[in-house]
Amino acid sequence: MKEKGLFTTVDEYIALHPPSIKAGLDLLRKTIKTAAPGAEELISYQMPAYKLKGMLAFFSATKNHYGFYPTASPILALREKLKSFETSKGAVRFPLDKPIPVKLITAMVKWKVRENLAKETVKSKK
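Listed below in structure tokens is the structure:
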């Protein structure tokens, strides 16, 4: 197994974690890929990341929570639905001991996809 920081794929990142954490990371990955079919999967800032006409989201695991980083706009747009989670400008923290809110993550990813596609449309009209 590789040490943290020495991975180049999402599979390698997930493999670094204990089984109980891997299950949540696998669910985050599956949720993002389902919400954004065709998104490119990569490692960026030493985290799993997804791109589709621009960055969509990143995720990570710490000893206390899963970090989900969809940038600021989806968090702002869905702030009412995120009230029960700790948030910052571009991050949401999901406690390890609670179910991952798949519908909410799906909504944030789809929001970001729409935003990126709209920006791409504006760029192509210039």
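In this note's numbering, the protein residues as written are -10 to 115.
Yeah, the Cβ is synthetic: ideal placement off N, Cα and C, and Gly gets one too.
Note that this is a predicted model, so its numbers are computed, not measured.
- S62 carries a helical assignment under DSSP once its states are collapsed to helix, strand and coil.
- Leaving aside the five residues that flank I64 on each side, the residues in its chain whose CB is nearer than 6 Å to its CB run, in chain order, T76.
- Non-local beta-carbon contacts of M36 in its own chain, meaning distances under 6 Å to residues more than five positions away in sequence, involve F47, S49 in chain order.
- For G27 and D86, the gap between their C-alpha atoms comes out near 31 Å.
- Membership of K19 in the alpha helix (DSSP H) is indicated by the continuous run 8 to 24.
- Beta-bridge analysis with DSSP links M36 to S33.
- DSSP links S49 through a beta bridge to G56.
- For E69, there is no enclosing alpha helix (DSSP H), as DSSP marks it with neither H nor E.
- From the listed residues V81, T51, S62, V98, the smallest Cα separation to K19 is found for V98.
- The three-state reading of DSSP puts T(-3) in coil, since its state is none of H, G, I, E or B.
- Residue pairing of R82 in beta bridges, as defined by DSSP: G56, E75.
- In terms of Cβ geometry, K108 and G43 form a close pair [threshold 8 Å].
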